[in-house]
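K.L.:
For what it's worth, our numbering labels the leading residue of the sequence shown as 19, then goes sequentially.
For glycine and all other residues, C-beta sits at the position ideal for the given N, C-alpha and C.
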Amino acid sequence: MRLSAVLDTNVLIFDTFEDSQFHLQAASTLDSLERWTLPDIVFHELIWFFKARKIELSRARTKVEEYVANEKASFSPCVADDVRFAVTRIKDYAQYNDLIVLSTAKRLGLALFTFDEELKKSAKDNSVQQTNKGTYLSTSSVKYSCDGKRNSLTSICPHHYFTHGAMNPTSADEEQRNLNPSRARKIQLDNA
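#1: Which one of I59, D26, S140 has the shortest CA to CA distance from K109?
#2: Let's see if you can read the secondary structure: which residues bound the beta strand (DSSP E) around S92?
#3: Let's test the definition: count the other Cβ atoms within 10 Å of the Cβ of T55 and tell me whether it reaches 16, buried, or not, exposed.
#4: I'd like to know whether the C-beta atoms of E52 and S22 end up nearer to each other than 8 Å.
#5: Is the stretch 115–124 in contact with the stretch 23–32, if contact means three or more CB pairs nearer than 8 Å?
#6: Mind reading off the beta-carbon distance from C96 to D58? Whole number of angstroms is fine, and I expect it under 8 Å.
#7: In whole angstroms, what is the alpha-carbon distance linking G127 and R79?
#8: So, V105 versus L130, is the Cβ gap smaller than 8 Å?
#9: Helix, strand or coil for D110? Go by DSSP, reduced to three states.
#10: Is it buried or exposed for F32, if we count other Cβ within 10 angstroms and need 16 for buried?
#11: Do you know offhand how far A87's Cα is from F93's?
#12: Short of 8 Å in beta carbon distance, which residues of its chain neighbour V226, apart from the five on each side in sequence? Order them along the chain.
#13: Would T132 and K124 be called neighbours here (beta carbons separated by less than 8 Å)?
#14: Sorted by chain position, which residues of the same chain lie with C-beta nearer than 6 Å to A45's C-beta, five sequence neighbours on each side aside?
#15: Nearest by alpha-carbon distance to Y85: which of L48, Y114, N144 is it?
#16: Grab me the residues of A91's own chain with a C-beta within less than 7 Å of its C-beta, minus the 5 sequence neighbours each way, in chain order.
#17: Assuming N115 and E63 make a contact with CB atoms under 8 Å, what is their CB distance in whole Å?
#18: In chain order, what residues of the same chain have a beta carbon less than 8 Å from the beta carbon of L41, not counting five sequence neighbours either side?
And the structure:
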């Protein structure tokens, strides 16, 4: 049986960067899903992530458009019930975006696809099915480089960017080379 799922931002990040720790799992699970539901907050986080990683704006535009225009994708705007769900359960500001994503899955009755261990636990606590059963990120065990050292894509968490500011990225040239073109559609975007 093929599933539909609400996607968390980390899924798109791991799918985008071929050298990321969970790239193969993200890409294969996305390929196996019949439909993807993309909450609007996921696009905000993806753009903020690209900005923090100093990805060329034209490349960021192209990647976002690839996900928006994908035949499997549907866009889900945040509604008042999502905000209520999030603010009544929030224990830390860093949880807000995840709770919006979780609320979207719960509201729509869809499975959730994430690599975030805390979000996975929240999904279970809120009776939301999950699509992936492999390895997950645990924000308590992820090592972030906020001290000037190289930050590997194997330990990325977009929420860390929003709560602690941008980290020192790997070279922009290196990350430009590692963008996954596999979901590319022939799209002409202005460089303006």
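P.N.:
Short version:
#1: Stepping through the sequence shown from its first residue, residue 109 is reached at position 91. Of the listed residues, the one whose Cα sits closest to K109 is S140.
#2: For this step, residue 92 is matched to residue 74 along the sequence shown. For S92, the enclosing beta strand (DSSP E) starts and ends at 91–94.
#3: Here the question's residue 55 lines up with position 37 in the sequence shown. In summary, T55 is buried, with 16 or more beta-carbon neighbours lying within 10 Å of its beta-carbon over all protein chains present.
#4: Counted from its first residue, the sequence shown places residue 52 at position 34. Counted from its first residue, the sequence shown places residue 22 at position 4. With contacts defined as CB atoms closer than 8 Å, E52 and S22 qualify as a contacting pair.
#5: These segments touch.
#6: Walking along the sequence shown from the start, residue 96 turns up at place 78. Walking along the sequence shown from the start, residue 58 turns up at place 40. Indeed, because the Cβ distance is near 6 Å, the residues count as touching under 8 Å.
#7: For the purposes of this step, residue 127 is taken as the residue at position 109 of the sequence shown. For the purposes of this step, residue 79 is taken as the residue at position 61 of the sequence shown. So the two alpha carbons sit approximately 30 Å from each other.
#8: To locate residue 105, count along the sequence shown from 1; it is residue 87. To locate residue 130, count along the sequence shown from 1; it is residue 112. No, the pair does not count as a contact, with Cβ atoms beyond the cut-off.
#9: Position 92 of the sequence shown, counted from the first residue, corresponds to residue 110. Secondary structure of D110 (DSSP, three-state): coil.
#10: Here residue 32 refers to the residue found at position 14 of the sequence shown. Under this definition F32 is a buried residue.
#11: Within the sequence shown, residue 87 is the residue found at index 69, counting from 1. Within the sequence shown, residue 93 is the residue found at index 75, counting from 1. Between A87 and F93, the C-alpha separation is close to 10 Å.
#12: The requested residue 226 is not part of the displayed model; the chain covers only 19 to 210.
#13: Taking the first residue of the sequence shown as 1, we reach residue 132 at position 114. Taking the first residue of the sequence shown as 1, we reach residue 124 at position 106. Taking a C-beta distance under 8 Å as the contact criterion, T132 and K124 do not qualify as a contact pair.
#14: Start at 1 with the first residue of the sequence shown, and residue 45 comes out as number 27. Only D33 meet the Cβ criterion.
#15: Counting from 1 along the sequence shown, the entry for residue 85 is found at position 67. Measuring from the Cα of Y85, the nearest candidate turns out to be L48.
#16: Here the question's residue 91 lines up with position 73 in the sequence shown. Excluding its 5 nearest sequence neighbours in each direction, A91 has C-beta neighbours in its own chain below 7 Å: W54, L56, Y85, listed in chain order.
#17: Stepping through the sequence shown from its first residue, residue 115 is reached at position 97. Stepping through the sequence shown from its first residue, residue 63 is reached at position 45. At roughly 6 Å, the Cβ-Cβ gap stays under 8 Å, so N115 and E63 are in contact.
#18: To locate residue 41, count along the sequence shown from 1; it is residue 23. According to the sequence shown, residue 41 is His rather than Leu. Take H41, set aside five residues on each side of it, and the residues of its chain with a beta-carbon closer than 8 Å to its own are F32, D33, F35, N198, in chain order.
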